[in-house]
Amino acid sequence: MQKSILILGACGQIGTELTLELRKKFGNEHVIASDIREGSESLMESGPFEILDATSYDAVEDTVMHYEVEEVYLMAAMLSATAEKFPERAWNLNMNSLFNVLNLAKEKKIDKIFWPSSIAVFGKNTPKENTPQHTLMEPSTVYGISKQTGERWCAYYHAKYGVDVRSVRFPGLISWKTQPGGGTTDYAVDIYIKALEEGRYTCFLKEDTMLPMMYMEDAIRASIELMESDGDKLSIRSSYNLGAMSFTPGEIARSISAVIPEFQIHYDPDFRQAIADSWPGSIDDSQARKDWDWKPEFNLERTTEEMIRELRNLE
Ligand SMILES: NC(=O)c1ccc[n+]([C@@H]2O[C@H](COP(=O)([O-])OP(=O)(O)OC[C@H]3O[C@@H](n4cnc5c(N)ncnc54)[C@H](O)[C@@H]3O)[C@@H](O)[C@H]2O)c1
Numbered sequence: 181m182q183k184s185i186l187i188l189g190a191c192g193q194i195g196t197e198l199t200l201e202l203r204k205k206f207g208n209e210h211v212i213a214s215d216i217r218e219g220s221e222s223l224m225e226s227g228p229f230e231i232l233d234a235t236s237y238d239a240v241e242d243t244v245m246h247y248e249v250e251e252v253y254l255m256a257a258m259l260s261a262t263a264e265k266f267p268e269r270a271w272n273l274n275m276n277s278l279f280n281v282l283n284l285a286k287e288k289k290i291d292k293i294f295w296p297s298s299i300a301v302f303g304k305n306t307p308k309e310n311t312p313q314h315t316l317m318e319p320s321t322v323y324g325i326s327k328q329t330g331e332r333w334c335a336y337y338h339a340k341y342g343v344d345v346r347s348v349r350f351p352g353l354i355s356w357k358t359q360p361g362g363g364t365t366d367y368a369v370d371i372y373i374k375a376l377e378e379g380r381y382t383c384f385l386k387e388d389t390m391l392p393m394m395y396m397e398d399a400i401r402a403s404i405e406l407m408e409s410d411g412d413k414l415s416i417r418s419s420y421n422l423g424a425m426s427f428t429p430g431e432i433a434r435s436i437s438a439v440i441p442e443f444q445i446h447y448d449p450d451f452r453q454a455i456a457d458s459w460p461g462s463i464d465d466s467q468a469r470k471d472w473d474w475k476p477e478f479n480l481e482r483t484t485e486e487m488i489r490e491l492r493n494l495e
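Using this note's numbering, read the sequence shown as starting at 181 and increasing by one per residue.
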């Protein structure tokens, strides 16, 4: 019998594409999407959907029991830029939803959890270039603090209760299907949309701010490959460093100009600059490559080609 998978926060930037990919792989009826709001037409119409608050243990448990769920992908969270505006709400959402799924697994009501962490776990004292898997971590944002704490709890639940929880530290994610949800790397999606709509973009980060990024197709593949890999080979139960490419706003602008020569960019940094300055520029993901054969496929040029082609198709 095919396993049953529940996605919490399925209508967001990652959840939407993750749900569609999991449905393709495991069958529409076996992948239950859920969120506190409705999502895109393709998500709502391709399989089961529930309005579900990930912070309510009872509601999540009911859904798990009803659909005989074995695996949960927890995508509900408040992201970095929004969390700075609502620190307490961010902490409550990011931590309570994680405890709910960890406790469901501890009680053997589900078998496996995917929970994404972020490069926001690092801080300004972390080595910025090729940031190691194990290093100094002093996050300065509410979001980063919640992710670092979450990582420690994941490792604890695995060591103490044998909970099979798997995690990656996503860099900024670039996608065309769903708008990003309030992160510091959102500019790397908006820039393509504005380049096509208006031929110009005002960036909220400085021209030379180097950040690690990843195209959504790689991120979805990483998540599913990690979940499908042999658990005995996983040496990291906090969260794996995950890399693909690194670039600055200046570099992404030049890659867009190569396709749209009239494109113009201006820089007007806001509060997100300080968040970006506290994050790494590039990531050492050799442990993920060793343990579960992680390998990215998209660099900046290929990402720009795909983004412009797909966004043009939507017009
Ligand atoms: N997008 C990125 O660049 C990025 C980078 C690193 C890590 N991550 C992590 O990946 C995960 C998903 O991120 P995303 O970009 O898809 O976020 P998003 O903001 O686009 O989506 C989050 C979804 O969660 C839903 N949600 C909010 N509160 C909820 C609740 N109480 N119960 C159920 N659903 C709720 C929202 O409606 C939204 O659809 C998060 O944990 C995020 O921290 C994302």
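For glycine and all other residues, C-beta sits at the position ideal for the given N, C-alpha and C.
Notebook entry, point to check: DSSP beta-bridge partners for Thr-311?
Noted result: Ile-463
Item checked: Which listed residue (Met-255, Trp-356 and Ile-445) has its alpha carbon closest to that of Met-487 -> Trp-356
Checklist line | Euclidean distance between Cα positions of Gly-379 and Ile-187 | finding: Rounded to whole angstroms, the separation of the alpha carbons of Ile-187 and Gly-379 is 37 Å.
Checklist line | With 16 other Cβ atoms within 10 Å as the buried cut-off, status of Arg-492 | finding: exposed
Check: Span of the alpha helix (DSSP H) holding Arg-217?
Finding: Counting along the chain, Arg-217 falls outside any alpha helix (DSSP H), and DSSP gives it neither H nor E.
Check: Mind checking Asn-305: buried by the 16 CB within 10 Å criterion, or exposed?
Finding: exposed
Item checked: Assigned exposure category for Arg-203 - 16 Cβ within 10 Å defines buried -> Taking a 10 Å sphere around the C-beta of Arg-203, we find 16 or more other C-beta atoms and assign the residue as buried.
Next item on the list: Please report how far the alpha carbon of Asp-344 lies from the alpha carbon of Ser-437, in whole angstroms.
Entry: 45 Å
Item checked: Chain-order list of residues whose beta-carbon lies under 8 Å from that of Thr-329 (same chain, five-residue window excluded) -> Met-275
Margin query: Restricting to Cα atoms, I'd like to know which of Ile-371, Ile-290, Thr-364 and Leu-278 is closest to Ala-335.
Written below: Leu-278
Note to self: Report the CB separation of Leu-385 from Pro-429 in whole angstroms; it is logged as a contact under 8 Å.
What the structure shows: 5 Å
Item checked: Proximity test, Ala-175 beta-carbon vs ligand 1 heavy atom, cut-off 7 Å -> Outside the displayed range of the chain (181 to 495) lies residue 175, so it cannot be described from this structure.
Next item on the list: Report the partner residues of Met-393 according to the DSSP bridge assignment.
Entry: Gly-352 and Met-425
Notebook entry, point to check: Can the beta-carbon of Leu-353 be found closer than 8 Å to that of Gln-193?
Noted result: yes
Margin query: Could you tell me which whole beta strand (DSSP E) segments of length 3 or greater appear in the region 264 to 290?
Written below: Correct list: empty.
Item checked: the region 280 to 297 / the region 236 to 247 touching (three or more Cβ pairs under 8 Å) -> yes
Checklist line | Pro-312 beta carbon near ligand 1 (any heavy atom closer than 7 Å) | finding: no
Next item on the list: Give the C-beta separation of Arg-349 and Leu-422 to the nearest angstrom, bearing in mind that I take them to be a contact with Cβ-Cβ under 8 Å.
Entry: 6 Å
Next item on the list: Can you give me the start and stop residues for the alpha helix (DSSP H) that Thr-358 sits inside?
Entry: Taken as a continuous stretch (DSSP letters only), Thr-358 belongs to no alpha helix (DSSP H), as it is neither H nor E.
Next item on the list: Ignore the nearest five residues each way along the sequence and tell me which others in Ile-463's own chain have a CB closer than 6 Å to its CB.
Entry: Thr-311, Pro-392, Asn-421 and Gly-423
Next item on the list: Measure the C-alpha to C-alpha separation of Val-439 and Ile-371 and round it to an integer number of angstroms.
Entry: 13 Å
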